[in-house]
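Read the structure below first, then the notes.
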Amino acid sequence: MKRPLSNQKWQIICTLLCTLVAAIVRFARLGVIKILIFDETYYVKDAYALAHLGYEAKWTKDKDALFNAGDFSALSTDPQFVVHPPLGKYLIALGPKLFGWDSAFGWRFMAALFGTILVALTCVIASRLFKSVPITALAGSFVAFDGIAVTLSRTSLLDVFLAVFVLAAFLFIILDYQHIRGRLSASSPFAGVFFRPYLLCAGVLAGAACAVKWSGVWVLAGLGLTVFGYELAARWRNRRRVRALFGAICCGGIPAFFQLVPVALGTYLLTWGNWFFGHKGWSAKSPGNHFANWLSYQREVYEFHVGLTKDHTYQANALQWIFDLRPTSFAYQKPYGGEGDYLVRAVLALGNPLLWWIGIIALLWLVYASLRYRQFKYAILAVGYLTTWVPWFLYWDRTIFMFYTVVLVPFIALTVAAFLGALWKSFPGQATLSVCARVTAAMFVAYISLSALFFLPLATGALIPHSHWQWRMWLQSWI
Numbered sequence: 001m002k003r004p005l006s007n008q009k010w011q012i013i014c015t016l017l018c019t020l021v022a023a024i025v026r027f028a029r030l031g032v033i034k035i036l037i038f039d040e041t042y043y044v045k046d047a048y049a050l051a052h053l054g055y056e057a058k059w060t061k062d063k064d065a066l067f068n069a070g071d072f073s074a075l076s077t078d079p080q081f082v083v084h085p086p087l088g089k090y091l092i093a094l095g096p097k098l099f100g101w102d103s104a105f106g107w108r109f110m111a112a113l114f115g116t117i118l119v120a121l122t123c124v125i126a127s128r129l130f131k132s133v134p135i136t137a138l139a140g141s142f143v144a145f146d147g148i149a150v151t152l153s154r155t156s157l158l159d160v161f162l163a164v165f166v167l168a169a170f171l172f173i174i175l176d177y178q179h180i181r182g183r184l185s186a187s188s189p190f191a192g193v194f195f196r197p198y199l200l201c202a203g204v205l206a207g208a209a210c211a212v213k214w215s216g217v218w219v220l221a222g223l224g225l226t227v228f229g230y231e232l233a234a235r236w237r238n239r240r241r242v243r244a245l246f247g248a249i250c251c252g253g254i255p256a257f258f259q260l261v262p263v264a265l266g267t268y269l270l271t272w273g274n275w276f277f278g279h280k281g282w283s284a285k286s287p288g289n290h291f292a293n294w295l296s297y298q299r300e301v302y303e304f305h306v307g308l309t310k311d312h313t314y315q316a317n318a319l320q321w322i323f324d325l326r327p328t329s330f331a332y333q334k335p336y337g338g339e340g341d342y343l344v345r346a347v348l349a350l351g352n353p354l355l356w357w358i359g360i361i362a363l364l365w366l367v368y369a370s371l372r373y374r375q376f377k378y379a380i381l382a383v384g385y386l387t388t389w390v391p392w393f394l395y396w397d398r399t400i401f402m403f404y405t406v407v408l409v410p411f412i413a414l415t416v417a418a419f420l421g422a423l424w425k426s427f428p429g430q431a432t433l434s435v436c437a438r439v440t441a442a443m444f445v446a447y448i449s450l451s452a453l454f455f456l457p458l459a460t461g462a463l464i465p466h467s468h469w470q471w472r473m474w475l476q477s478w479i
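Each residue of the sequence shown is one higher than the last, beginning at 1 in the UniProt record's numbering.
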């Protein structure tokens, strides 16, 4: 007689299935839009310049039309001022190395690959935190079909690379916590685990996130504080509070700092190696003083970011993000003209509305659960929100966009899945309330699933009648 599959094996099966489905959604007809769309005009061409010159360079006029036609002669050798580090563009360049620079599939290949990895990481984190097959399956499927996650996985921008490095860094912090918690709780306040390989990996990944976009710095800071927090919490149980604090700082915080922050900084610097040794990039003006030039360049980039206040049709502040109010239009095409109920191909970075709106309820529950139960699995999800969403409130007047939330999507998915799991198990011993809670949870899952399928054509750039596009414009602010 065969033994039934264990809970852990079912979690692995769910992870593999969610990853497979995500890959199909992301890779199917990936090159159907054969021209550069939205900010691909910057990042794909920068990737081409990095691959061929070793630095980002200026392009002459009519650059997009020529590039779309497979003519790359518009690239000059004059260095171009760019405002994001190079790692994401190096990653973009790997796709065309395999499939050619004249292939839209090639431009977007690495984004689709990383978007698929994002789903797998979400499942692994759900499994590690909750050890639940339904929560693992729900969290993975939510990310697999979310409109922002799909759109950013099918468009060659930087943010999906940032999202993967951020989520992977969170995973290794979770692994570090689960690796050391037993030893800390059973030891004296001044005991410590000094060599922590998971923490080193988290440092590398956080540094890689910063090397894609500077917003990774908030994640690095948040994860560092998280590590100190669980170091302190483990020692606090000894009730000698002063000793616990000093132990957490001296035997936990300081060793952890040196395995996290310098490693992240070293990773960030390593991605600039071509700039240091090529001597042709922007701001390389004084031979022999490359580091000073590099610091000058970083200062110029910082000044650009904090001073970016130019109005944009699709800009959205951080408060609008969580309510899914102002998605970013990446493309809107009428390939066969505009007569009658004409066909349109629209790409809109719109989060699954039902997932995001139920996510607001789930976020309130997460705050309650974090304060009520004081468990790591809830706290780490709260840190996800605190590091990928909350910092953007500091830049209220800056020109920012909702598609930045691809980094937040896994935490929304994990929080909603955990909330639904808690709702399903609520009111034990109270039959009527328990049934109502389970029916509500099942209805939420059904609504989220139907909404995901309904809005999927807007994320994949599918060809649909204009009237069908209008059906999906539930809010005026989505147009």
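A virtual CB, placed ideally from N, CA and C, is assigned to each residue, including glycine.
The structure presented is a predicted model; accordingly, all values stated were derived computationally and were not measured.
Beta-carbon contacts of residue i that lie in its chain and below 8 Å, excluding the five residues immediately before and after
i              : result
residue 483    : In the structure as shown, the chain begins at 1 and stops at 479. Residue 483 is therefore absent and cannot be evaluated.
tryptophan 282 : Tyr55, Glu56, Pro79, Gln80, Phe81, Val82 and Tyr297
proline 465    : Asp341, Tyr342, Leu343 and Val344
Reference residue i; option with closest CA among the options
i              : options                           : result
aspartate 146  : Leu270, Leu200 and Ile412         : Ile412
cysteine 201   : Lys213, Phe142, Ile174 and Thr405 : Ile174
tryptophan 214 : Ser370, Val82 and Ile358          : Val82
lysine 131     : Thr15, Phe401 and Trp275          : Thr15
histidine 305  : Trp396, Leu36 and Arg154          : Trp396
alanine 417    : Tyr378, Ala49, Trp389 and Leu453  : Tyr378
residue 480    : Asp102, Tyr230 and Ala446         : The shown model of the chain, from 1 to 479, leaves out residue 480, and the question about it has no answer.
cysteine 18    : Asp62, Gly115, Pro391 and Leu66   : Gly115
aspartate 39   : Ile92, Leu269, Tyr373 and Phe72   : Ile92
isoleucine 322 : Val263, Phe403, Cys250 and Leu269 : Phe403
threonine 77   : Pro96, Phe228, Tyr43 and His52    : His52
tryptophan 272 : Ser153, Trp294 and Val263         : Trp294
glutamine 320  : Asn7, Leu50, Phe27 and Trp392     : Trp392
alanine 369    : Gly421, Ala144 and Gln476         : Gly421
proline 96     : Gln259, Tyr48, Phe142 and Val124  : Tyr48
threonine 415  : Trp365, Ala244, Trp389 and Arg243 : Trp365
isoleucine 117 : Leu75, Leu152, Ser467 and Tyr447  : Leu152
alanine 169    : Gly384, Leu456 and Arg154         : Gly384
Same chain, Cβ closer than 6 Å to residue i, five either side skipped, listed in chain order
i                 : result
glutamine 11      : Ser127, Val133 and Thr136
methionine 1      : Model confidence at methionine 1 stands at a pLDDT of 49, short of 50, so the residue's coordinates are unreliable and nothing is read from them.
asparagine 274    : Gly54
phenylalanine 276 : His290
histidine 312     : Thr399
leucine 129       : Lys377
Supposed contact pair residue j and residue i - C-beta distance, whole angstroms, cut 8 Å
i           : j                 : result
alanine 349 : phenylalanine 330 : 6 Å
valine 367  : isoleucine 148    : Contact doesn't hold; Cβ gap of about 23 Å is too wide.
proline 353 : tryptophan 474    : 7 Å
alanine 112 : leucine 30        : 6 Å
leucine 371 : isoleucine 448    : The pair is not a contact, with the Cβ atoms about 26 Å apart (cut-off 8 Å).
Cutoff 7 Å; reference residue i; Cβ partners in own chain excluding five residues on either side
i            : result
alanine 208  : Leu87, Phe165 and Thr267
valine 217   : Cys210
alanine 248  : Phe228, Glu231, Leu232 and Arg235
tyrosine 177 : Tyr230 and Phe376
Boundaries of the beta strand (DSSP E) in which residue i is found, first to last residue
i             : result
glutamine 470 : Glutamine 470 -> not in any beta strand (DSSP E); alpha helix (DSSP H) instead, spanning 466 to 471.
leucine 36    : Run containing leucine 36: none; DSSP gives neither H nor E here.
leucine 75    : 75 to 79
tryptophan 59 : 57 to 59
arginine 345  : 343 to 349
serine 329    : 328 to 333
Residue i versus residue j - alpha carbon distance
i                 : j                 : result
threonine 60      : leucine 265       : 35 Å
phenylalanine 105 : serine 426        : 47 Å
phenylalanine 444 : tryptophan 424    : 11 Å
glutamine 430     : alanine 437       : 11 Å
threonine 122     : glutamate 339     : 44 Å
phenylalanine 109 : alanine 163       : 16 Å
leucine 5         : glycine 140       : 20 Å
serine 73         : arginine 326      : 37 Å
threonine 440     : leucine 138       : 15 Å
leucine 20        : valine 150        : 14 Å
threonine 226     : leucine 270       : 26 Å
leucine 157       : tyrosine 43       : 6 Å
glycine 252       : phenylalanine 194 : 8 Å
alanine 221       : threonine 432     : 46 Å
threonine 387     : leucine 245       : 24 Å
glycine 461       : isoleucine 254    : 49 Å
glutamate 300     : leucine 394       : 20 Å
Limits of the unbroken alpha helix (DSSP H) element including residue i
i                : result
phenylalanine 99 : 87 to 99
valine 439       : 431 to 460
leucine 408      : No alpha helix (DSSP H) holds leucine 408; DSSP gives it neither H nor E.
residue 480      : With the chain running from 1 to 479 in the structure shown, residue 480 is simply not present.
threonine 387    : 376 to 388
alanine 28       : Unbroken run through alanine 28: none, as it is neither H nor E.
cysteine 210     : 197 to 210
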